[in-house]
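Shown next, in C-alpha cells, is the structure this report addresses.
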Amino acid sequence: MTQRKRVLFLFNHDAAHQAAHIAGIMAQLALNHPAIEAIAATGNPAIEAQIRKLVSREAADAITFADLSLPAAYEALLAIPNAILPAKRLARLRTNEALFASVDMLVSTERTCLRVKDRLGERAPLFVYVPHGSGDRNVAYHPDLSRFDYHLLSGQKLVDEMVAHGIVREDQCRVIGYAKFDTVAEDAGANLFPNDKPTILYNPHFDPRLSSWYDMGPQLLEALARMGDRFNVVFAPHVMLWRKKLHISPEYHIARRRPDIPADIAEQSNVLIDTASPALFDMTYTTGSDIYIGDVSSQVYEFLRNPKTCIFIDAAGDGKDAYPFWANGPVVRSVGEVVSALDDWEKLGSDYRARQQELFRYTIDHDPARSASERGAQAIAEILA
C-alpha cells in the first residue's frame, strides 16, 4: 500500500494574522486530495482556534493538528527577549525538528522556517512559500526567499517581481489567486456603526520607519474623531503594532517607542478602537469601511476587493512613487493634507477607480470558476507528484 504524502502547513507566529493566507489551501488539500495528509502545525492554541473558525467542520476533521507550543517554563524564560526578537518562533522551530523532518513538504507564509531547512540539510522536505503580502515592498523580495523550492503567488505581478529580483525561476512559481478571500465573505464588516455615515479605516503599519503612527498618528486620529458629524472612524492598526511598546526594524536598523492612543477618543460614539482582536486581520474592517487611510500595509488590496477611496501617508518621505500600491490614491505627508483630501472623498475614489482595478488584477488573479484555495491545493498535489 502506498504511504500517504505528508504536507505540513506552518502557523508559527505569536498572532494569527497570517493564518488565512494558507488555511483555505490546507482545507482544500485535506478534503479533495485523500492521498495527502494535511497537517496544521500551530504556535499556540489561539492560532489553532482561529484556523478552526476559518475552515469547515468537515475540513477540520480531515486535518491533523500538531501543537508546537513550548513548555510553560521555556515560554516564561523567552518572554523578555521575545519582546524584541522572534525568540519564541525560533525556539518552536528548533524543538520540533523531528516533526518537520517527517513530512514531504512544508508550506509557510514567512521565512524564519528556513532555519529548519538549514539544520535538516538533506533530510529537509520541500519548502513552499505563500506570501502574506501584496509584493509592493522590498522586503517581499528578500534574498532568503530564493531558498524556497516553490512559490504559490497571488498574481502575475509577484511572479514578474520575483523573477526580476533573481529570487526564483518562473517554473518555480504557481499563480493561484489570493486564498484569504476564500475564507471571508464580501460583507464581513457590515454594520460597524448604527448610522449611515461613511466609515474611515485608519490602518497604520508597525515598522518604525515607514509607519505614520509614530510621528503623526495620534494627531491624525484626534482630527478624524473631530469629524463625527461627517464620518465614522475605525482605528485598526496592523496587529503587531500593539504587540510591543518598542519596535525594532531589521530592514532599516532603527528602533522607536510606540505612542499611545490619545485619552478619551475611544469613548466617542463615532470612533471604534481595536488594537488586538481577530477583526484586525479577518477583513472585518477592510470590507466594512468606505475610505482607507494607511501607509505601507498590503491590507489595502483587501480593502480594494471592491474599489473605494484610498489616501496614503508617506511617513518616511520616500516619494509618492515609492510603492506600487500608492498609485491607488493620493499620497500625502501631513495631517492637514489627509483632512483636506477627505473634503471630496467620493470623487477621489472615482478618479482612481480605473487604476485601482488595473493594479488589483495584476496583483490578484481571481478566477470565478475556481477558488484560490482549490488552485493552491492542486498546485501542491502536482508538485508532490
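Residue numbers for the sequence shown follow my numbering, beginning at 3 and rising by one. We put the beta carbon where it would ideally sit given N, CA and C, even for glycine. Please read all numbers here as calculations on a predicted model, not as lab measurements.
- Beta-carbon to beta-carbon, Ile65 and Gly378 are separated by about 15 Å, too far to satisfy the 8 Å threshold.
- The Cβ neighbour count for Tyr254, taken over all protein chains shown within 10 Å, is under 16; the residue is labelled exposed.
- DSSP links Leu160 through a beta bridge to no other residue.
- Given a length threshold of 3 residues, each whole run of the beta strand (DSSP E) inside the stretch 249–298 is given here in chain order: 256–259, 273–275 and 293–296.
- Three or more beta-carbon pairs drawn from the stretch 196–205 and the stretch 287–299 are found closer than 8 Å, and the two stretches are therefore classed as touching.
- For Glu39, the uninterrupted beta strand (DSSP E) run begins and ends at Ile38 to Thr44, by DSSP.
- By the Cβ rule, the stretch 162–182 counts as touching the stretch 138–152, because three or more pairs are nearer than 8 Å.
- Cα atoms of Val235 and Ala268: separation of roughly 10 Å, rounded to the nearest angstrom.
- Following the DSSP letters along the chain, one finds Ile202 in no alpha helix (DSSP H) but inside the beta strand (DSSP E) bounded by residues Thr201 to Asn205.
- A distance of 9 Å or more separates the beta carbons of Leu92 and Leu10.
- A straight line joining the alpha-carbon of Arg245 with that of Gly331 spans about 29 Å.
- Scanning Ala374, Leu386 and Asp345 for the CA closest to the CA of Ser156 turns up Ala374.
- Fully contained in the stretch 291–367 are the following alpha helix (DSSP H) runs of length 4 or more, in chain order: 301–305, 337–343 and 347–365.
- When C-alpha distances from Met229 are compared across Asp217, Gln270 and Asp69, the shortest belongs to Gln270.
- Judged by DSSP secondary structure, His134 falls outside any beta strand (DSSP E); it is assigned neither H nor E.
- When the beta-carbon positions are compared, Tyr180 and Ile385 stay at least 9 Å from each other.
- Collapsing the DSSP output to three states places Tyr152 in a strand.
- Minimum Cα-Cα distance from Arg139 among the listed residues Lys55, Asp209 and Ala43 corresponds to Asp209.
- No residue range can be given for Met242, since it is assigned to no alpha helix (DSSP H) and is classified by DSSP as neither H nor E.
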